[in-house]
Structure formats: structure tokens, C-alpha cells
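Undergrad: For the sequence shown, position 99 matches number 99 in full-length UniProt numbering, and the numbering has no gaps at all.
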Amino acid sequence: MITEYKLEDAGREMLITIKRSSRKTLGLEVRENGEIFARIPEKLSDRSLKSFIEKERDWIIKKSELVKWEREHRQTTNATPVQELTSEEIENISQKIVDRVRFYQKKMGVTVGRVAIRNQKTRWGSCSAKGNLNFNYQIYYLPDELLDYVVVHELAHRRHMNHSDEFWREVEKYFPMYRQCRKRLKEIRLIN
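This is the structure in C-alpha cells:
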């Protein structure tokens, strides 16, 4: 059973790491650092794996090029890496985010469970069905209007646990310039 696959394209070699597990589906992932992973069922034959990768060749190449371009051109949060933060800085980050949550929570009339600040790899924030909110510590480094947009977005999930038209109307009601902020946020990448 192979653990790596080399995909060649125009003289360059792309190494794909194979991850086998009890999953039933096949999946591909191109990480921000350029690493490529194929996640496959444990018993998938090498022949079927190679066929899958070759079938997805164009997607792998395009996605790899996009990830490389974004790494070189997209703005980052310029956040201090979490391992370099002092306990005082962590406290300041948490306090600012929690203060904004409390402000908008009161304004929107919603309840929340716990508020946690984390070092998330891909998300700005999330809201669980129980009302627990998680925020990426990096939102602290964003302009205030973007931080507020993330907070309002997650709080709006307390009324609508989806991204329906009703959800977006709820966001707009408390944050009218959400469209511009959402667009700007998509242009910023998290540091890892």
C-alpha cells in the first residue's frame, strides 16, 4: 500500500501524502502551506487510488496554484503567533472580544453559552447549537468593524443556525455594512 504519490506537471513534482482510515469516501485537501493530502478508505487498492488522483489531476493542479498565489498575495491578519503571546496579551485579546460579544448580545437580545477564544486554523468564529461561541484570537488584530462583523455574524446564529435569507437579514439589521466587511474578510488569511 503506497503512502505517497508523485504527480508530475510541466516538469514539477507534487507530492501527495496518502492518509488511510475507516472512512468510506475519497477526499483531497491542499493546505495553505502547499501540502497535498488524499484521504481514502483503508482497503482502497493502489490502482484505484492512482485512478482517483489522475482523475482529479486538473483540480489538484488548479487548487495548488490558487493556494500558492493566495499565500504570496493575500493579506494576513499580522497576528502575533499564539505561542509568542504573553498571558497579559491573551487576557487583553479575550477581554476585547468578550466585551464586543456582550455589547452586541445585549443589542440583539440573544443569549449565549460560553465564549471561548481559540487558535483556529480556518475559521474566524463559530456558534454551536447550545449557544457556545468560539472566536479565533486573530480577530483581535482585524480592524474593529471586521471584528464586530464576525461577532454579529456568530450572534445571528442564535436566531438562525444557517445562512438563510432570514439569517442575513438579522445580520444586516444590526450591522448594515456587513456585505463590505464580509468581502474584506475573504481577502484576509489567517496565519498558521
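Backbone N, C-alpha and C fix where the C-beta goes; we use that ideal spot for every residue, glycine too.
1) Give me the DSSP bridge partner(s) of Met14.
2) Between which two residues does the alpha helix (DSSP H) holding Val152 run?
3) Smallest Cα separation from Ile16: which of Lys24, Ala38, Asn33, Met1?
4) Compute the distance between the beta-carbons of Tyr178 and Tyr149, then report whether it is under 8 Å.
5) Compare the C-alpha of Val110 against each of Asp144, Leu133, Glu72, Lys19 and name the closest.
6) What are the boundary residues of the alpha helix (DSSP H) that Ser51 is part of?
7) Which value, in whole angstroms, describes the spacing of the CA atoms of Pro41 and Arg31?
8) Spatial neighbours of Arg189 within its chain, please: C-beta separation below 6 Å, excluding the five flanking residues on both sides.
9) Round the Cβ separation of Arg100 and Val151 to the nearest angstrom and send it over; I've been treating them as touching at under 8 Å.
10) On the premise that Leu7 lies in contact with Arg57, defined as a C-beta separation below 8 Å, what is that separation, rounded to the nearest angstrom?
11) Measuring from the CB of Leu142, is there a heavy atom of the ligand GTP at a distance below 7 Å?
12) Identify which residue in Glu35, Ala79, Thr80, Leu26 has its Cα closest to the Cα of Lys55.
13) Could you tell me if Ala79 is buried or exposed, where buried requires 16 or more neighbouring beta carbons within 10 angstroms of its beta carbon?
TA: In terms of the structure at hand:
1) Within the sequence shown, the letter at position 14 stands for residue 14. The partner list for Met14 (beta bridge, DSSP) reads Leu7.
2) Indexing the sequence shown from 1 puts residue 152 at position 152. Here the alpha helix (DSSP H) through Val152 covers 144-156.
3) By one-based count along the sequence shown, residue 16 stands at place 16. Among Lys24, Ala38, Asn33, Met1, the Cα nearest to that of Ile16 is on Ala38.
4) Indexing the sequence shown from 1 puts residue 178 at position 178. Indexing the sequence shown from 1 puts residue 149 at position 149. Yes, they are a contact pair.
5) The residue labelled residue 110 in the question sits at position 110 within the sequence shown. Out of Asp144, Leu133, Glu72, Lys19, Leu133 has the C-alpha closest to the C-alpha of Val110.
6) On the sequence shown, residue 51 is found 51 positions in, with the first residue counted as 1. Start and end: 46-55.
7) Here the question's residue 41 lines up with position 41 in the sequence shown. Here the question's residue 31 lines up with position 31 in the sequence shown. Going by the C-alpha atoms only, they are around 20 Å apart.
8) Residue 189 sits at position 189 when you count from the first residue of the sequence shown. Correct list, in chain order: Arg74, Thr76.
9) What you label residue 100 is simply residue 100 of the sequence shown in a count that begins at 1. What you label residue 151 is simply residue 151 of the sequence shown in a count that begins at 1. So it is a contact: roughly 5 Å between Cβ atoms.
10) What you label residue 57 is simply residue 57 of the sequence shown in a count that begins at 1. What you label residue 7 is simply residue 7 of the sequence shown in a count that begins at 1. That pair is a contact at about 7 Å.
11) The ligand GTP is not part of the structure shown, which contains no ligands of any sort.
12) Position 55 of the sequence shown holds residue 55. Comparing Cα-Cα distances from Lys55 to each of Glu35, Ala79, Thr80, Leu26, the minimum goes to Leu26.
13) Position 79 of the sequence shown, counting from 1, holds the residue named residue 79. Classification of Ala79: buried, given that the 10 Å Cβ count is 16 or more.
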